[in-house]
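Protein chains: 2
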Amino acid sequence: MKWTWVLVAVLLFFGGVSLGKESLDFPEYDGKDRVHDLNAKNYKSVMKKYDVMVVYYHDHVGSSRVAQRQFEIEELALELAAQVLDEFDDEDIGVGLIDAKHDKAVAKKLGLEESDSIFIFTDDEVIEYDGELAADTLVEFIYDVLEDPVEIIDNSRELKGFENVEEDIKLVGYFKSHKSEHFEAFVDAAEEFHPHIQFFATFNPKVAKALELKLNEVDFYEPFIDDPVVIPGKPYTEDELVKFIEDNDRPTLRKLQPHNMYEIWVRTEDDIDDEHIIAFAEESDPDGFEFLEILKQVAKDNTENPDLSIVWIDPDDFPLLLPHWEKTFGIDLSSPQIGIVDTDDADSVWMDMDDGEDLPTVDELEDWIEDALSVIIFSLSNSDQCSFKSQHH
Amino acid sequence: MKWTWVLVAVLLFFGGVSLGKESLDFPEYDGKDRVHDLNAKNYKSVMKKYDVMVVYYHDHVGSSRVAQRQFEIEELALELAAQVLDEFDDEDIGVGLIDAKHDKAVAKKLGLEESDSIFIFTDDEVIEYDGELAADTLVEFIYDVLEDPVEIIDNSRELKGFENVEEDIKLVGYFKSHKSEHFEAFVDAAEEFHPHIQFFATFNPKVAKALELKLNEVDFYEPFIDDPVVIPGKPYTEDELVKFIEDNDRPTLRKLQPHNMYEIWVRTEDDIDDEHIIAFAEESDPDGFEFLEILKQVAKDNTENPDLSIVWIDPDDFPLLLPHWEKTFGIDLSSPQIGIVDTDDADSVWMDMDDGEDLPTVDELEDWIEDALSVIIFSLSNSDQCSFKSQHH
Chain A
198 MKWTWVLVAV LLFFGGVSLG KESLDFPEYD GKDRVHDLNA KNYKSVMKKY DVMVVYYHDH
258 VGSSRVAQRQ FEIEELALEL AAQVLDEFDD EDIGVGLIDA KHDKAVAKKL GLEESDSIFI
318 FTDDEVIEYD GELAADTLVE FIYDVLEDPV EIIDNSRELK GFENVEEDIK LVGYFKSHKS
378 EHFEAFVDAA EEFHPHIQFF ATFNPKVAKA LELKLNEVDF YEPFIDDPVV IPGKPYTEDE
438 LVKFIEDNDR PTLRKLQPHN MYEIWVRTED DIDDEHIIAF AEESDPDGFE FLEILKQVAK
498 DNTENPDLSI VWIDPDDFPL LLPHWEKTFG IDLSSPQIGI VDTDDADSVW MDMDDGEDLP
558 TVDELEDWIE DALSVIIFSL SNSDQCSFKS QHH
Chain B
198 MKWTWVLVAV LLFFGGVSLG KESLDFPEYD GKDRVHDLNA KNYKSVMKKY DVMVVYYHDH
258 VGSSRVAQRQ FEIEELALEL AAQVLDEFDD EDIGVGLIDA KHDKAVAKKL GLEESDSIFI
318 FTDDEVIEYD GELAADTLVE FIYDVLEDPV EIIDNSRELK GFENVEEDIK LVGYFKSHKS
378 EHFEAFVDAA EEFHPHIQFF ATFNPKVAKA LELKLNEVDF YEPFIDDPVV IPGKPYTEDE
438 LVKFIEDNDR PTLRKLQPHN MYEIWVRTED DIDDEHIIAF AEESDPDGFE FLEILKQVAK
498 DNTENPDLSI VWIDPDDFPL LLPHWEKTFG IDLSSPQIGI VDTDDADSVW MDMDDGEDLP
558 TVDELEDWIE DALSVIIFSL SNSDQCSFKS QHH
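Here it is, written out as structure tokens:
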């Protein structure tokens with residue numbers, strides 16, 4: 198071990214002067230305007246000033262009081278984010294607004310098609326953020342954007358860290374060195390999906406052996422599935438990797454998180470005609486943990502089924518939405534729930550689970566999901582509407 | 198298996214009407230005033246109206262613009278919390294303010310001594326909340342308050358859920374049934390610490406066997422330590438349990454979380470003359486995970502050392518504080534860090550770890566901590582100030 202360390206203790210004990218909680222104080226908006234209104238005249242010069250530009254391409258704000266207030270709160274969140282990012286040393290990060298009515302032309306020039314989203318412009322990528330418009334979630338996402346797109350695994354402890362990542366899609370490749378052209382293709386592919394998908398690589402033969410990876414081979418892991426798929430046809434070009442990932446970007450089980458919630462909810466690839474299978478389970482609660490284990494087993498058994506995609510929501514991640522969900526869906530979220538939700542009108546059906554007293558087995562859950570999926574498909578084949586009732590013994 | 202289920206599908210496919218993101222929309226403050234200003238005249242009648250009352254006993258707001266703005270933001274967070282809790286079906290939950298200058302007498306009558314904290318009044322307990330004043334964190338804490346103080350473990354999957362709880366102090370007891378007087382004493386003790394400490398019980402001999410628990414025995418688990426301490430002297434009275442927990446309420450390693458951050462930071466029992474050993478490690482990052490594994494091993498090796506208490510902070514939990522910490526402490530939080538922080542003046546010293554390229558071994562970390570602690574103790578013995586330099590080979 199080559200590292201050395203110096204302990205320089207300049208611990209001053211004057212006493213009496215108590216600043217108490219200061220070093221833990223949350224920043225509060227200091228009132229300085231940092232968010233830029235971007236328009237045809239200024240957008241080039243403003244964006245040139247920053248290494249990274251965060252642009253909220255928002256719908257035009259109507260004249261109603263509710264719309265005005267909502268936009269004020271959104272602006273305040275962006276101002277707080279801009280203030281925190283202003284203090285961040287590593288990069289100059291700017292925040293701006295583009296109005297979808299007045300400045301559609303600017304958005305078009307920047308290549309933005311869809312409004313009501315946040316776009317992060319870095320050196321050579323534009324990354325969409327489709328999560329909660331809250332300062333902390335957005336800022337955390339931007340830190341992730343700024344990190345290297347590929348994380349290197351050097352030893353067995355870091356390998357445990359890699360194994361611990363289960364909530365996102367992840368890939369890991371084994372390459373000769375940083376200079377390998379195959380590693381470079383892997384990095385280029387990573388940049389296309391970063392930070393939504395996690396990319397790891399190792400140059401260490403022992404780590405590669407533990408992962409059962411051959412040289413220049415890349416494994417693809419679905420969330421919550423321990424066994425990877427070996428991407429066929431190594432070594433790969435960047436395009437081959439990108440295509441494989443795009444073709445497999447619909448996991449059997451995925452977690453709704455504040456930073457990706459709208460992306461998961463509204464992406465058409467991820468639902469079946471606007472229907473989602475939603476499972477609520479609080480991981481920190483024994484019942485919720487138990488149900489989640491069952492769900493993971495179902496996902497493992499059905500990873501080949503292209504029709505099955507379950508969205509897991511941990512109510513702990515969304516405390517402010519909990520009463521709203523309980524009311525909208527007519528369910529009690531103090532115990533696990535699984536159901537089908539129509540994302541258009543929030544109509545839903547839920548499995549009857551006796552308030553979590555007696556959770557279903559893996560087989561029972563699979564039967565229920567199969568019936569539920571067939572109801573969806575049956576509904577799809579009826580153009581108007583349908584009402585369907587099924588009773589399981 | 199006795200559960201049955203009904204699948205009633207009333208899935209309407211009118212199409213065209215797209216409400217899109219609606220069921221995921223975060224609630225926004227609707228402008229209705231729900232937070233009560235409590236004073237000598239109204240506090241009794243207001244508090245009688247609710248099952249649970251959340252009271253922010255705040256310092257009097259000064260006349261400066263910054264103080265006024267800060268309090269407005271706090272009020273807005275409480276209004277949003279009140280609005281969400283208003284929608285919550287299970288209990289009537291009210292929110293109120295007590296001004297520490299104008300209404301000290303009211304606070305005194307309610308038994309509140311310390312201002313600048315939030316107190317939650319339930320049927321028979323007053324629970325202090327000393328976390329972030331943000332609507333989501335506060336609301337989440339209140340949901341925890343409303344849950345049963347003791348969670349029952351029925352089967353091996355729930356046992357896995359119990360084992361998965363590692364960030365908080367937890368206790369688990371084995372009792373004959375709900376009606377056992379020893380279980381009742383356990384519940385009474387749980388109510389004293391709920392929800393800050395987690396209490397579990399089982400009535401299932403198989404679960405008890407897996408936990409190596411004898412009848413009426415209770416095990417005490419420090420955070421991040423797999424092996425429990427058997428509380429001596431079973432069966433216990435409520436007072437015996439309370440005393441044991443109070444005597445052991447200073448873990449070797451604990452995690453700073455938004456809902457307990459100020460409690461951990463300023464509680465005098467938890468630091469050594471206002472010094473904290475702070476470790477920053479991002480669990481979702483391989484380096485951070487690796488360092489955390491080392492920290493857990495150090496905690497395990499030193500669980501008997503009453504002087505050692507390490508506070509682990511995952512930067513992911515506090516994105517808005519990250520640049521502030523990097524500046525205040527002069528460190529780079531993109532890799533793991535460990536140091537000693539003076540909570541009074543935020544002076545600090547940090548271990549030199551080569552930007553996480555080469556993490557210390559468990560032994561090296563223990564040596565550093567030992568030196569660091571001796572510096573603190575050395576400093577304590579010098580009344581004025583000290584400057585100390587140590588060089589490790």
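Chains as they are written, first to last, in the working numbering: chain A, 198 to 590; chain B, 198 to 590. Glycine is no exception: its CB is placed at the ideal position from the N, C-alpha and C atoms.
Query raised in the report: Thinking C-beta only, is A/D444 closer than 7 angstroms to A/P392?
Result: no
Query raised in the report: Identify the residues that DSSP records as bridge partners of B/S314: which are they?
Result: Answer is B/Y254, bridged to B/S314.
Query - 7 angstroms Cβ cutoff, A/R161 in contact with chain B - result: As shown, chain A starts at 198 and ends at 590. That puts residue 161 of chain A outside it, with no answer to give.
Query - Uninterrupted alpha helix (DSSP H) stretches inside the region 397 to 427 of chain A (no shorter than 4 residues) - result: 402 to 407
Query raised in the report: Residues of chain A with a CB under 7 angstroms from the CB of B/E284: which are they?
Result: Chain A residues near B/E284: P520, H521, K524.
**Report entry** Helix, strand or coil at A/R451 according to DSSP, with G and I counted as helix
**Finding:** strand
Requested in this report: Report back the beta-carbon spacing between A/L318 and A/E325 to the nearest angstrom; my notes put them in contact at under 8 angstroms.
Outcome: Rather than Leu, the amino acid found at residue 318 of chain A in this sequence is Phe. Rounded, the Cβ-Cβ distance is 11 angstroms, inconsistent with contact.
Report task. Give the residues from the region 478 to 491 of chain B that approach chain A closer than 8 angstroms (Cβ to any Cβ), ordered along the chain. Result -> E480, S481, D482, P483, D484, G485, F486, E487, E490, I491
Query raised in the report: Going along the chain, which residues of the region 323 to 339 of chain B sit with their C-beta nearer than 9 angstroms to a C-beta in chain A?
Result: E329, L330, A331, A332, D333, T334, L335, V336, E337, F338, I339
Requested in this report: Indicate whether at least one CB of chain A lies closer than 7 angstroms to the CB of B/V281.
Outcome: At least one C-beta of chain A is nearer than 7 angstroms to the C-beta of B/V281.
Query raised in the report: Which residues bound the beta strand (DSSP E) around B/Y326?
Result: 323 to 326
Query raised in the report: To which residues of the same chain is B/E466 closer than 8 angstroms at the C-beta, ignoring the five residues directly before and after it?
Result: Here the model assigns B/E466 a pLDDT of 47, short of 50, so the residue's position is not dependable and the matter cannot be decided.
Query raised in the report: Just checking my contact of B/H379 with B/P432 at CB under 8 angstroms: how many whole Å lie between their CB atoms?
Result: 4 angstroms
Query - Any chain B beta carbon closer than 7 angstroms to A/G358 - result: Yes, A/G358 counts as interfacial toward chain B.
**Report entry** Opposing strand residues paired with B/K367 [DSSP bridges]
**Finding:** B/Q395, B/Y418
Query - Selection of the region 348 to 379 of chain B by Cβ proximity to chain A, strictly under 7 angstroms - result: Interface annotation for the region 348 to 379 of chain B against chain A: E348, I350, R354, E355, K357, G358, F359, N361, V362, criterion Cβ-Cβ distance under 7 angstroms.
Query raised in the report: Going by Cα to Cα distance, which pick from A/V384, A/A332, A/G328, A/H473 is closest to B/L517?
Result: A/A332
Requested in this report: To the nearest angstrom, report how far apart A/P503 and A/T449 are at their CA atoms.
Outcome: Their backbone Cα atoms lie some 8 angstroms apart in a straight line.
Query raised in the report: For B/P533, does the count of other Cβ atoms within 10 angstroms reach 16, so buried, or fall short, so exposed?
Result: buried
Requested in this report: Using a Cβ cut-off of 7 angstroms (strictly closer), state whether B/L517 contacts chain A.
Outcome: yes
Requested in this report: Could you spell out the range, first to last residue, of the alpha helix (DSSP H) harbouring B/G485?
Outcome: 483 to 498
Query - Cα-Cα separation, B/P483 to A/R354 - result: Their Cα atoms are separated by approximately 8 angstroms.
Report task. Assign B/D568 to one of three DSSP states: helix, strand, or coil. Result -> B/D568 falls in the helix class under three-state DSSP.
Query raised in the report: Which partner residues does B/S545 have in the DSSP bridge list?
Result: B/V538
Query raised in the report: How would you list, in chain order, the residues of chain B whose beta-carbon sits under 8 angstroms from the beta-carbon of A/D513?
Result: Under the 8 angstroms cutoff, chain B gives E337.
**Report entry** C-beta atoms of A/K367 and A/Y418 nearer than 7 angstroms
**Finding:** yes
Query raised in the report: Between B/V281 and chain C, is there a C-beta pair that is closer than 7 angstroms?
Result: The question asks about chain C, but that chain is absent: this structure's protein chains are A and B.
Query raised in the report: What do you reckon, are the CB atoms on B/D296 and B/H257 nearer than 7 angstroms?
Result: yes
Query - Pairwise C-alpha distance: B/V495 and B/F396 - result: Rounded to the nearest whole angstrom, the CA to CA distance from B/F396 to B/V495 is 26 angstroms.
Query raised in the report: Under a Cβ-count criterion, where at least 16 other Cβ atoms within 10 Å of its own Cβ denotes burial, should A/Q265 be classed as buried or exposed?
Result: exposed
Report task. With DSSP collapsed to three states, give me the class of A/E348. Result -> In the structure shown, A/E348 sits in a strand (DSSP, three-state: E or B).
Query - B/E284 versus A/L556, A/D549, A/G527, A/V572, residue with shortest Cα-Cα distance - result: A/G527
Query raised in the report: Is any heavy atom in the ligand ATP found nearer than 6 angstroms to the beta carbon of A/D568?
Result: The ligand ATP is not part of this structure, which contains no ligands at all.
Query raised in the report: Between the beta-carbon of B/E479 and the beta-carbon of B/P512, is there less than 7 angstroms?
Result: yes
Report task. Please report how far the alpha carbon of B/D474 lies from the alpha carbon of B/I507, in whole angstroms. Result -> For the record, residue 474 of chain B in the displayed sequence is Ile; it is not Asp. Whole-angstrom Cα-Cα distance: 5 angstroms.
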